[in-house]
Structure formats: C-alpha cells, structure tokens
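**Student:** Have a look at this one.
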Amino acid sequence: VPAGTYLAHLGNGQTIFPLDYGMKLTDQAGTIIGKQVLKLKALVVPKDDILKETNVQMFILYKSISNILRSKGFDEKDIESLKAQCMFIFSGPNVLLAIENSQSAMLDLLTNEYIPNNLLRDTLLKLKQHAGIAFLSVPICMDKAIAGSTSFPKNGDKPNMSIIPTHQSLLSQLDEHISTSRTLHHEFGHVIDREILNGISSTPEFKALFEKEKNNITEINTYANYAKTNPQEFFAEVFKSMVSMGNEKYPSSYYRDSIEKEAPETVRFIKDKLKEKGYIL
C-alpha cells in the first residue's frame, strides 16, 4: 500500500480501497479449504495506471484475435464482425485479473484445435453483432456469483453471452477444474445447441440421454452437480469437456477421455448430429 493511502478490511471478505485506486495482483489467489479464506498478494496502484494497462492489454487481445482468425482463413469482413462482438466492461479493484482471465479464455476458444473452423465461425456469427461476448467484472467478495450466462431473446434478436472472469470460485480456487475458459466453452455449447442444432437438447431423444447419463457426471466435468440441472445445462457441460483445452494441472485428454467414459452415448450423439450439419469434431 503506497504511503499516504489506506486499505481497510471489513470482514466477510470485504475490503475498502482508497478512492481512485485498484489492485494489481503479484501472486495467484489461494484458499484455505474449509475456512474459505481468500489470500491475495497485490499492489495498490492508482486508477490511471490500471486504465493505461487495461488499454494496452485490450489492444494486444484484439490484435491477437485478428491474427488468429486470419491464420484460420477467416475473411476480413468476418474478422471485423467477430472483433466487434467481444466487449470488455471492467471496473473495480480487480480489473487486471479480469483482463488476464478474459484473454486466456478468448485465446483458448479461438485456438481450440478440437472445434473445427467452420463450427467456430458459424457459431460466433450467430451471436449479437455488438457485445455478443461480454466479459464483465464483479467486486472481489466471497458471495456466490454467476460465472456465465447466455441470453436468447424471444423477439428474434441474436443471442449474447455474459462471462464473469472474476467469479468468486475462480479467485479462491475452490475447484481446480473451474476456469473462465471452461465457462466460455460451456456458454459456447449453449449457442451450438440452440442455434446450430436447433435446440436439440429439448428433443425427447436427448432428454432420454440426459436421464440415462446425468448421474454419471463427476466433479471433473461439472461443478456442484450442475450437469443435472436440466438437459440444456447437461448438453453444455458435456460439450465443454468434449472440446476441453485442459489447464495447468491437467492435459486436454484428461477431460475429453473422462467425459467419453461418463457420458459415451451423449458424446456420440452430439458428434453425430454435428456431423450431419457438416461439422466434424
């Protein structure tokens, strides 16, 4: 904390920062399991410094998005459209952490070798023109928050995703299988279900698979039994693991192999239905 400034702890995971200051993490967050104590090492820095760093990182990310899509053969018109879809709305003391997690998630999605280029392109172009993928920051606290959601407007407008890259469980590492990248791939699965496969999770055939295999899904592939919520969430959770890029602890094959063992018929069903549409997973 710089001389002449303050930092107050109110308990229950709440902290007061100086006006127009934020924090820059210098070490990864950790958790004392059981007590759910959030441990952070960070520098308290002026707001202007954070804004400058934010602008630099956003420029780097947009540049990376363009280069990746160009290398995949996307035309310039599509590249500009897809860049416009990504919106980053960050505020509060944890902006830099939000940027870091968002960058990692977007790059994982765009470079995912298990998602064919035509499926990546067609699914992204189904999203809302502006803010089709919106990354939103939330204050650091121990309260539960939604890590991501996808809205499908009833008026026929294109869907849009909202991703929270500073979700409490990501900060405190309560689960080693949770990440912003996996959240983004989960939401991507919802769009594939509704927009590419015409809401196939609502069909009797898929509902039967849901009832048959939902209880097989372990914490490796879903958090707090989320896959059991309904057929739609089951589809998204299974798809997420089918195209997993892995993480620092586990290779991509760890998740892909495990979901094929836990939900073999569902995995085969999704692959077959996508193949019928011209997408080979």
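Residue numbers for the sequence shown follow the UniProt record's numbering, so the first one is 1 and each next one is one higher. Each residue gets a CB set at the ideal place from its N, CA and C atoms; glycine is no exception. As the structure is a computational prediction, the values presented were derived from the model and not from experiment.
1) Hey, residue 82 and residue 69 are a contact pair by Cβ (cut 8 Å); roughly how many whole angstroms apart?
2) Starting from residue 110, trace the alpha helix (DSSP H) in both directions and tell me its first and last residue.
3) For residue 258 and residue 121, what's the separation of their Cα atoms in angstroms?
4) Out of 84, 254, 253, 183, which has the shortest C-alpha to C-alpha gap to residue 227?
5) Among 49, 247, 251, 237, which has the Cα closest to the Cα of residue 213?
6) In the structure shown, what three-state DSSP assignment does residue 224 receive?
7) Residue range of the beta strand (DSSP E) that residue 134 falls in?
8) If you run the structure through DSSP and keep just helix, strand and coil, what is residue 36?
9) Does the ligand FMN have even one heavy atom less than 7 Å from the beta-carbon of residue 210?
10) By DSSP, does residue 143 sit in helix, in strand, or in coil?
11) Can you list, in chain order, the residues of its chain whose CB lies under 7 Å from that of residue 180, leaving out five sequence neighbours each side?
12) If distances are taken between C-alpha atoms only, which option among 95, 186, 161, 65 comes closest to residue 51?
13) Would you list the residues sitting across from residue 150 in a DSSP beta bridge?
14) Per the DSSP calculation, residue 87 is bridged to which residue(s)?
15) What would DSSP say about residue 279, mapped onto helix, strand or coil?
16) With DSSP run on the structure shown, which of helix, strand or coil describes residue 75?
17) Within 8 Å, do at least three Cβ pairs link the segment 188–202 to the segment 108–123?
18) Going by DSSP in three states, residue 129 sits in which element: helix, strand or coil?
19) Could you give the first and the last residue of the continuous alpha helix (DSSP H) run that contains residue 121?
20) Quick one: what's got a C-beta closer than 6 Å to residue 262's C-beta in the same chain, skipping five residues either side?
**Tutor:** Taking the structure as given:
1) Contact flag correct, Cβ pair sits at about 6 Å.
2) 95–110 is the extent of the alpha helix (DSSP H) around residue 110.
3) The straight-line gap from Cα to Cα measures roughly 27 Å.
4) The option with the nearest alpha carbon to residue 227 is 183.
5) From the listed residues 49, 247, 251, 237, the smallest Cα separation to residue 213 is found for 237.
6) DSSP places residue 224 in the coil class of the three-state scheme, outside both helix and strand.
7) In this chain, the beta strand (DSSP E) harbouring residue 134 covers 133–136.
8) Annotation note: pLDDT 44 at residue 36 (below 50); position unreliable, no value reported.
9) In the structure on display, the ligand FMN does not appear, and there are no ligands present to speak of.
10) Confidence in residue 143 is poor, its pLDDT being 46 and thus under 50, which makes the residue's placement too unreliable to answer from.
11) 101, 102, 104, 105, 163, 165, 170.
12) Considering only alpha carbons, the answer is 95.
13) Beta-bridge pairing links residue 150 to 161.
14) Beta-bridge pairing by DSSP links residue 87 to 134.
15) Residue 279 falls in the coil class under three-state DSSP.
16) In this structure, DSSP gives residue 75 a state outside helix and strand, which the three-state scheme calls coil.
17) A contact exists between the segment 108–123 and the segment 188–202.
18) In the structure shown, residue 129 sits in coil (DSSP, three-state: anything other than H, G, I, E or B).
19) According to the DSSP assignment, residue 121 belongs to the alpha helix (DSSP H) that extends over 117–124.
20) Once the five neighbours on either side are set aside, the close Cβ partners of residue 262 are 216, 217.
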